[in-house]
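To convert, note that position 129 of the sequence shown is 291 in our numbering; the numbers rise steadily by one, no gaps.
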Amino acid sequence: MVNTEKFANRLNKILNFYDLSAASFADQIEVGRSSISHILSGRNKPSLDFVMKVVQNFPEVELYWLLNGKGTFPSTSQKETTHKKENKQKQEVSASYPKQEEIAKPGNQSSDSFISNKSGKQIQKIVIFYTDGSFEAFEN
Numbered sequence: 163m164v165n166t167e168k169f170a171n172r173l174n175k176i177l178n179f180y181d182l183s184a185a186s187f188a189d190q191i192e193v194g195r196s197s198i199s200h201i202l203s204g205r206n207k208p209s210l211d212f213v214m215k216v217v218q219n220f221p222e223v224e225l226y227w228l229l230n231g232k233g234t235f236p237s238t239s240q241k242e243t244t245h246k247k248e249n250k251q252k253q254e255v256s257a258s259y260p261k262q263e264e265i266a267k268p269g270n271q272s273s274d275s276f277i278s279n280k281s282g283k284q285i286q287k288i289v290i291f292y293t294d295g296s297f298e299a300f301e302n
C-alpha cells in the first residue's frame, strides 16, 4: 500500500527538481490539475495510471522510489542505460517482425506467424513485468 503522505513528499521533490508548478506538472503528464492538488493534500491516493504517466514522462523518476521511497532520485545514469537498452530491444524486435504492409499482402501469410491482421486491431502498448519488480513498456 502506498503511504499517501510520503508519496506527496516524493511528488513535491519531483516538482522542485524540475522547477514545475503543480498546474504545469499536471499539464505535462496530461492529468487534471485537481488530481495533483488532491494527491499533494493527501485527499486522494494516486492511481496506477497517474504513477505510470509520471514515470514515463520523467526519466529520472524510478517507479520504486516514487511508490515506496526505495532507490534514489534523480536516477539519470540508470535510466539512460535502461532507455538505451529499450531502444535497442525495440529496434531488434521491430526488425525481426514483418512490416504491416508485408502482412497484408495476399499469399504472404505464414502458418507459424503469430501476427494477424484478421481483426484489424493494432497493438497500442505492451507492458512486461519482471519478477524483480521492474517493468518495460513498449508503445506502438
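By construction, the Cβ of each residue, glycine as well, lies at the ideal position given by its N, Cα and C atoms.
Query                                                                                                                                                                    : Result
By DSSP's criteria, Glu301 is part of a beta bridge. Which residues make up the other side?                                                                              : Lys287
Go ahead and label Leu229 buried or exposed: buried means 16 or more other beta carbons lie within 10 angstroms of its beta carbon, across all protein chains shown.     : buried
Please give the ranges of any alpha helix (DSSP H) in the stretch 169-195, keeping only runs that are unbroken, at least 4 residues long and fully inside the region.    : 184-191
Work out the CA separation of Ser197 and Ser209 for me, nearest whole Å.                                                                                                 : 10 Å
For Phe276, count neighbouring C-beta atoms within 10 Å of its own C-beta (all shown protein chains included) and say buried if the count is 16 or more, exposed if not. : Confidence at Phe276 is low in this model, with a pLDDT of 45, below 50, so its placement is unreliable and the value that follows should be read with caution. The residue in question, Phe276, is exposed, as its Cβ has fewer than 16 Cβ neighbours within 10 Å.
In terms of residues, what are the limits of the alpha helix (DSSP H) holding Tyr292?                                                                                    : That residue, Tyr292, is in no alpha helix (DSSP H); it is neither H nor E in DSSP.
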